Structure formats: structure tokens, C-alpha cells
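Taken in order, these protein sequences are the chains called A and W. Numbering follows the working numbering, with no gaps: position 29 of the first sequence is 29. With positions in the second sequence counted from 1, the corresponding number in the working numbering is that position plus 118. One structure is given here, and the rest of the page talks about it.
2 protein chains.
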Amino acid sequence: MSFDPATLKYSDQGLIPAIAQDDATGEVLMMAWMNAEAVRQTLDTGRVTYWSRSRQSFWVKGESSGNVQELVDFRVDCDRDCLLVRVRQTGPACHTNRRSCFYTAVRDGTEVELMKPE
Amino acid sequence: MSFDPATLKYSDQGLIPAIAQDDATGEVLMMAWMNAEAVRQTLDTGRVTYWSRSRQSFWVKGESSGNVQELVDFRVDCDRDCLLVRVRQTGPACHTNRRSCFYTAVRDGTEVELMKPE
Numbered sequence: 001m002s003f004d005p006a007t008l009k010y011s012d013q014g015l016i017p018a019i020a021q022d023d024a025t026g027e028v029l030m031m032a033w034m035n036a037e038a039v040r041q042t043l044d045t046g047r048v049t050y051w052s053r054s055r056q057s058f059w060v061k062g063e064s065s066g067n068v069q070e071l072v073d074f075r076v077d078c079d080r081d082c083l084l085v086r087v088r089q090t091g092p093a094c095h096t097n098r099r100s101c102f103y104t105a106v107r108d109g110t111e112v113e114l115m116k117p118e
Numbered sequence: 119m120s121f122d123p124a125t126l127k128y129s130d131q132g133l134i135p136a137i138a139q140d141d142a143t144g145e146v147l148m149m150a151w152m153n154a155e156a157v158r159q160t161l162d163t164g165r166v167t168y169w170s171r172s173r174q175s176f177w178v179k180g181e182s183s184g185n186v187q188e189l190v191d192f193r194v195d196c197d198r199d200c201l202l203v204r205v206r207q208t209g210p211a212c213h214t215n216r217r218s219c220f221y222t223a224v225r226d227g228t229e230v231e232l233m234k235p236e
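Here's what the structure looks like:
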């Protein structure tokens, strides 16, 4: 079946969450949002492209930092309201210069920092 | 630093996305939503608990199906607006009886089914 980004389920703001996972290590790197056009651009260019809610503009990941995400595989979930992009990540994914945005764990009621900036 | 669920950033509906990842394999299993009380219950009980938007009620994952998610590690992202729960998953995570909800890939413009129901 040919894929049409319009068949995904978007929020009232026209957005769908996209989870980025390192294709080599399986590490979950970040979660951000796409609109239908960002989905199209990601598939067309092979460069993962989000919609920045704070800047209200397209966000080609790594365009300014160089920490690009090369698309390896694009997945849609059962409800068609969440995406998983498997990527080759150059450099850190997180704006704090950590490999992953999920560097804080909650253990025994306490926040623990798992990673330092690279 | 002690962890307070009230310090997370929730949507206008009081929800935060939570990604469930298989702790043993690294596979991304599903994404669902929690409210502050679901976060508390997940941490208190060690059983991953979401907020069902369709049923408008707490959803202790696997309570009816037996396909429970035992919490292994609870992570918060840099912006405090997304969660990652590493879990021990019993049975399939997806309501379609597939291991993961992300069983559809988009390759060369075509949808490809990667997994069959178990």
C-alpha cells in the first residue's frame, strides 16, 4: 500500500510525535513533533525534519549544529498517531550536548544524571 | 534532587507522552500518555500506568490482558515534557497482539508490515 502522510492522525495543531532511535545501538535519543510536510520532507530527503513548536518553523535536525539525523527506517504505529524514526545520529542528539535527551533517571524518588555533555 | 511529578511539563490536557522501551532488547514498544497521578502510580507500584484518552481513565497496562509492563527504569527528557520508561514486557505490547505497536515501515513510498500478531 502506498503511503500518504495525510492518512496519519495529527493533533489539533496538526502535529504527530516522532521518536528518534539510534539504529545502531537502539538508544532512544529524543522525541519531537512533525507535521504532514515534515513527514514528507523526512521521507523525500532522508534527513529527519521536525516542526519546531517554539520557533513555529521546520527544523531540519542538525542543520545549524551539524548533528544531523540520517533516516534509516520510518515506522508508523498501530493507531497511526505516533512515528518512530530509526536514524544514524551524528554527534549528540540533545541540545545539552548529551547523546540522548533522556539522561535523567528517577530512582528511589531521586533524580539521577546518567550522562554528561560530550 | 528528589523527584516531584508536578515539575514535569504537561499538555493543556494535563498529559505527557511516555515511550515504552523493552529493557532487554531496546525495542520501542509503544507510546501512550500519563498524567501526574499516572506518573506517581507508575513509580509507586512499579507497574506502568497510563491515562487512556479514549476511556478517560487510568490504564494499568496489562490489567485486563495480562500483558503487563514492569518498570525497570524511569527517565525524563531535557525539556521535562517527555518520558521514557524502560520495561519488562509480558506478552505483546500492542493491542493487535504484536510485540510492538511500530510494526509498519514506510519504504520506497510503500507501507510494509514488519511483524505478525503473536
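The beta carbon of each residue, even a glycine, is placed where N, CA and C say it ideally should be. Every value quoted in this text rests on a predicted model; they were computed, and no experiment measured them.
How many angstroms separate the CA atom of residue i from the CA atom of residue j?
i: residue 179 (chain W); j: residue 222 (chain W); result: 22 Å
i: residue 165 (chain W); j: residue 190 (chain W); result: 9 Å
i: residue 140 (chain W); j: residue 99 (chain A); result: 19 Å
i: residue 109 (chain A); j: residue 59 (chain A); result: 35 Å
i: residue 152 (chain W); j: residue 169 (chain W); result: 5 Å
i: residue 229 (chain W); j: residue 4 (chain A); result: 9 Å
i: residue 27 (chain A); j: residue 144 (chain W); result: 7 Å
i: residue 136 (chain W); j: residue 64 (chain A); result: 28 Å
i: residue 107 (chain A); j: residue 232 (chain W); result: 35 Å
i: residue 94 (chain W); j: residue 186 (chain W); result: Examination of residue 94 (chain W) is not possible in this model, given that chain W is present from 119 through 236 alone.
i: residue 32 (chain A); j: residue 197 (chain W); result: 11 Å
i: residue 102 (chain A); j: residue 118 (chain A); result: 14 Å
i: residue 7 (chain A); j: residue 119 (chain W); result: 43 Å
Since residue i sits in a beta bridge, which residues does DSSP pair it with?
i: residue 20 (chain A); result: A:30, A:85
i: residue 178 (chain W); result: W:167
i: residue 189 (chain W); result: W:205
i: residue 120 (chain W); result: A:110
i: residue 222 (chain W); result: A:76, W:231
Determine the chain A residues that contact residue i at a beta-carbon separation under 7 Å, and present them in chain order.
i: residue 217 (chain W); result: Result: empty, since nearest Cβ-Cβ is about 12 Å, beyond 7 Å.
i: residue 191 (chain W); result: 105
For chain A, check one thing: does any of its Cβ atoms lie closer than 9 Å to the Cβ of residue i?
i: residue 146 (chain W); result: yes
i: residue 152 (chain W); result: no
i: residue 187 (chain W); result: no
Any beta-carbon of chain W closer than 9 Å to the one on residue i?
i: residue 48 (chain A); result: no
i: residue 102 (chain A); result: yes
i: residue 87 (chain A); result: no
i: residue 91 (chain A); result: no
i: residue 109 (chain A); result: yes
i: residue 15 (chain A); result: no
Please list the partners that residue i has in chain W, where partner means a Cβ-to-Cβ separation under 9 Å.
i: residue 8 (chain A); result: Those within 9 Å of residue 8 (chain A) in chain W number zero; the least Cβ separation is about 10 Å.
Under 7 Å Cβ-Cβ, which residues of chain W neighbour residue i?
i: residue 84 (chain A); result: 146, 220
i: residue 43 (chain A); result: 224
What in chain A is Cβ-close to residue i, meaning under 8 Å?
i: residue 120 (chain W); result: 109, 110, 111
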